[in-house]
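Data block below; observations after.
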Amino acid sequence: MSVLWRSGAGRLCAAARSAIPCIWRGNYFSSGNEPAEHNPVTPMLRHLMYKIKSTGPITVAEYMKEVLTNPAKGYYVYRDMLGEKGDFITSPEISQIFGELLGIWFVSEWMAAGKNTAFQLVELGPGRGSLMEDILRVFSQLGSVLKNCDISIHLVEVSQKLSETQALTLTEEKIPLERDAGSPVYMKGVTKSGIPISWYQDLQDVPKGYSFYLAHEFFDVLPVHKFQKTPQGWREVLVDIDPQVSDKLRFVLAPCATPAEAFIQHEETRDHVEVCPEAGVIIQELSQRIELTGGAALIADYGHDGTKTDTFRGFCGHKLHDVLLAPGTADLTADVDFSYLRRMAQGKVASLGPVTQQTFLRNMGIDVRLKILLDKSDEPSVRQQLLQGYTMLMNPEKMGERFHFFALLPHQRLHGGSRQLKSCQSKPSAAPVAGFGELAWR
Ligand code: SAH
Numbered sequence: 393m394s395v396l397w398r399s400g401a402g403r404l405c406a407a408a409r410s411a412i413p414c415i416w417r418g419n420y421f422s423s424g425n426e427p428a429e430h431n432p433v434t435p436m437l438r439h440l441m442y443k444i445k446s447t448g449p450i451t452v453a454e455y456m457k458e459v460l461t462n463p464a465k466g467y468y469v470y471r472d473m474l475g476e477k478g479d480f481i482t483s484p485e486i487s488q489i490f491g492e493l494l495g496i497w498f499v500s501e502w503m504a505a506g507k508n509t510a511f512q513l514v515e516l517g518p519g520r521g522s523l524m525e526d527i528l529r530v531f532s533q534l535g536s537v538l539k540n541c542d543i544s545i546h547l548v549e550v551s552q553k554l555s556e557t558q559a560l561t562l563t564e565e566k567i568p569l570e571r572d573a574g575s576p577v578y579m580k581g582v583t584k585s586g587i588p589i590s591w592y593q594d595l596q597d598v599p600k601g602y603s604f605y606l607a608h609e610f611f612d613v614l615p616v617h618k619f620q621k622t623p624q625g626w627r628e629v630l631v632d633i634d635p636q637v638s639d640k641l642r643f644v645l646a647p648c649a650t651p652a653e654a655f656i657q658h659e660e661t662r663d664h665v666e667v668c669p670e671a672g673v674i675i676q677e678l679s680q681r682i683e684l685t686g687g688a689a690l691i692a693d694y695g696h697d698g699t700k701t702d703t704f705r706g707f708c709g710h711k712l713h714d715v716l717l718a719p720g721t722a723d724l725t726a727d728v729d730f731s732y733l734r735r736m737a738q739g740k741v742a743s744l745g746p747v748t749q750q751t752f753l754r755n756m757g758i759d760v761r762l763k764i765l766l767d768k769s770d771e772p773s774v775r776q777q778l779l780q781g782y783t784m785l786m787n788p789e790k791m792g793e794r795f796h797f798f799a800l801l802p803h804q805r806l807h808g809g810s811r812q813l814k815s816c817q818s819k820p821s822a823a824p825v826a827g828f829g830e831l832a833w834r
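Each residue of the sequence shown is one higher than the one before, counting from 393 in the numbering used here.
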């Protein structure tokens, strides 16, 4: 594997990150019906079988939550699943340009909203910390613009293993767990560029205050309930023990209506739907915070606008994986329904998008950035990786059209006026939101 060089802290540099294999989680897979060639009895499978034997079949949401984030055995809790040696690859792991452009987006929104003297940058599900590292490098580069601004970083992460990796990436230190059991902060430190950084298990624990929020490939791992339309009405898909094959799980339909049905729209026309109440709760929290204190949220993921049906799938070792086999050894994911996120904002804030990753990155100036990096590099392997990374991020057949960007912003951001304006000042017209409209070069 050829990992690209990076120059010293604070200098924007190379762009591609690793040899680009592999599979990204936007790929599709039908769930559950593949032949069970290899179904090792994992500790998670034993745990789930015990649970189902004692209380009956469980919802797909409960299955997903247990498999991914159970504090003792969850897939996310003790492993690094990202990159070439892991199970899947994400855009920030493919190219540094991705994080650099997102860093510029936050600075541009901070400026458009009136350059507050302080802000928190909050990331949900930061993976290895690569995206935040690239964003912070841009902040350092733009030091003259941000010099009078007090920035703090807040990471929401359930994985012990990944939080250790994030700490090493961002602070270059091994950070011990906080001893104060009463504090919601479980780790804290200072980044390489001197910015205070804290870790939390839950968004609710992050201090309320003027903040920018980022969630990249986070919403797709939140648990979904699955429903099938039947002549008797909606029936929830449940996970049960297969009576025919030992140590095997199977999908069944609930015999009667279940509570999560309340999340399905009355006018729903699809015959299979996935709903993610946890995503709704997080969007409501973000919307309330942004309405109250300003800021913005940028959400990037693969998904649809309320049109897709069965998208629940698994990934293991860069291969698609039957979601019910060897639970705990593979990533589980479902496409994000952006129409649901928009509804859950409940009009408290304005939403923009979803726009495709290709559109967003092009509007953010990825072509110009690529050209600058190519012009700077004589090394053929570096140039090749830059171009491969660009293709992976932008090609509609790869990540360009599967992934989408979606933003939540205060209403006044789109309709002119900033929080700092006194009522006697005249209302300026709103600057366009970068990424969601075409870039105008002046
Ligand atoms: N954003 C990163 C990682 C995506 S993988 C990237 O794009 O590379 C999903 C991330 O969300 C991981 O860091 C995982 O540990 C974290 N995660 C999963 N469920 C979570 C939850 N319920 N709360 C907080 N973090 C969670």
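Even for Gly, the Cβ is constructed at its ideal location relative to N, Cα and C.
>> According to DSSP, simplified to helix, strand and coil, what is E771?
In response: coil
> Is R705 helix, strand or coil when you go by DSSP?
Replying inline: strand
> Which class does D479 belong to by DSSP, given the choice of helix, strand or coil?
Replying inline: coil
> Mapping DSSP to helix, strand and coil, what is M579?
Replying inline: strand
>> Just to confirm the assignment: which complete alpha helix (DSSP H) runs, minimum length 4, are found wholly within the segment 716-780?
In response: 730-736, 749-755, 758-768
>> Under DSSP, the beta strand (DSSP E) around K590 begins and ends at which residues?
In response: Before going on, a small fix: residue 590 reads as Ser here, not Lys. Segment 588-592, the beta strand (DSSP E) holding S590.
> Does the beta-carbon of S915 have 16 or more other beta-carbons within 10 angstroms, so that it is buried, or is it exposed?
Replying inline: The requested residue 915 does not occur in the structure, where the chain is confined to residues 393 to 834.
>> Alpha carbons only, please: which of E454, Q804, E515 is nearest the one belonging to D594?
In response: E515
> Taking the runs of the beta strand (DSSP E) that are 3 residues or longer, which of them lie wholly in the segment 634-687?
Replying inline: 641-645, 664-667
> Should D767 be labelled buried (16 or more other beta-carbon atoms within 10 Å of its own) or exposed?
Replying inline: Taking a 10 Å sphere around the C-beta of D767, we find fewer than 16 other C-beta atoms and assign the residue as exposed.
> So which of Y468, R662, P719 has the shortest CA-CA distance to V452?
Replying inline: Here the closest residue by C-alpha is P719.
> What does a CB cutoff of less than 6 Å around F798 pick up in its chain, not counting 5 residues either side in sequence?
Replying inline: I691, F730, G745, P746
> Does the beta-carbon distance from T703 to G601 come in below 8 Å?
Replying inline: no
> For V644 versus L630, is the C-beta spacing smaller than 8 Å?
Replying inline: yes
> What is the C-beta distance between V673 and F619, in whole angstroms, given that I count them as a contact (C-beta under 8 Å)?
Replying inline: Distance from V673 to F619 at the Cβ level is roughly 19 Å; contact not present, criterion being Cβ atoms closer than 8 Å.
> ligand 1 heavy atoms versus the CB of G517: any closer than 7 Å?
Replying inline: yes
> Alpha carbon to alpha carbon, how far is A823 from R735?
Replying inline: 25 Å
>> I need the DSSP call for V616, collapsed to helix, strand or coil.
In response: coil
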